[in-house]
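One structure is given here, and the rest of the page talks about it.
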Amino acid sequence: MHFIYCFFNIFCLFVVLALCIEMYICIMKKYSTSDAGINPHIKTRMVYCFAALLVFIGGVAIYLFFRDTGSLVLFNFLPRPLFLESLSVSFRPQTMPGYLFIYNLPHGLWCLSGLMVIRAIWLEDIKWRAIYGGTFLVIISVLEISQISQARNGTFDVLDIVFYVFFAFVESMIYIKFIRRGIL
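For what it's worth, numbering that gives the first Met the number 0 labels the leading residue of the sequence shown as 0, then goes sequentially.
And the structure:
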């Protein structure tokens, strides 16, 4: 039964991503007709913000669909949607890749999303981008490390820190590969 729920949740995730991509294509078609008058950095910023939104939605989808929604801190502040219980699949992964997918990947995706938004805002100003990007990484790392002393709810996991570093590297590679080389 869990396999059917997992398949359904992954299918829904792909449908949402496909709709977002379709929306992006429609927006880009609208602006491509008058492309000569648009600053090229505006297009890059739009692509970065849209990609950050997709990455953020992916992290949220993994978090909501595959984690036990009864223990999520978010629902201490907001009411839990009724449909969420029927869509979520709560299971304990038996393998390391399953563990990484459920417990660490959402944090890494959120880190990537935040860094992409910071890059989009300060695209041309390297100094401020480095300051805000570094500050962002320090804040999320301190929030993760503060779980050791129970200063904040949660369970400390060094793999979250590893995923933060990995996705910071991925964001810089995206920038070098696509922005510096002029693909976007």
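Just so it is clear, CB atoms sit at the ideal spot from N, CA and C, and this is done for glycine as well.
Burial of Ser112 is indicated by the presence of at least 16 other C-beta atoms within 10 angstroms of its C-beta. Restricting attention to alpha helix (DSSP H) runs no shorter than 4 residues, the region 69-135 encloses them at 73-76, 81-86, 95-98 and 104-120, ordered along the chain.
Look at Thr154 here: in three-state DSSP terms it is coil, with no helix or strand label.
Shown here for Phe155: same chain residues with a beta carbon closer than 8 Å to its own, the five before and five after excluded, namely Glu143, Ile144, Gln146 and Ile147 in chain order. By the C-beta criterion, the region 74-84 is judged not to be in contact with the region 119-139, since fewer than 3 inter-stretch pairs fall below 8 Å. With a 10 Å radius around the Cβ and a threshold of 16 neighbouring Cβ atoms, Phe74 comes out exposed.
The three-state secondary structure of Ile41, taken from DSSP, is helix.
When DSSP states are grouped into helix, strand and coil, Arg180 belongs to the coil group. In this structure, Leu104 sits near Ile61, with a CB-CB distance shorter than 8 Å. Phe166 is a Cβ neighbour of Gly107, given a cutoff of 8 Å. By the CB criterion at 8 Å, Arg44 and Leu122 fall inside the cutoff.
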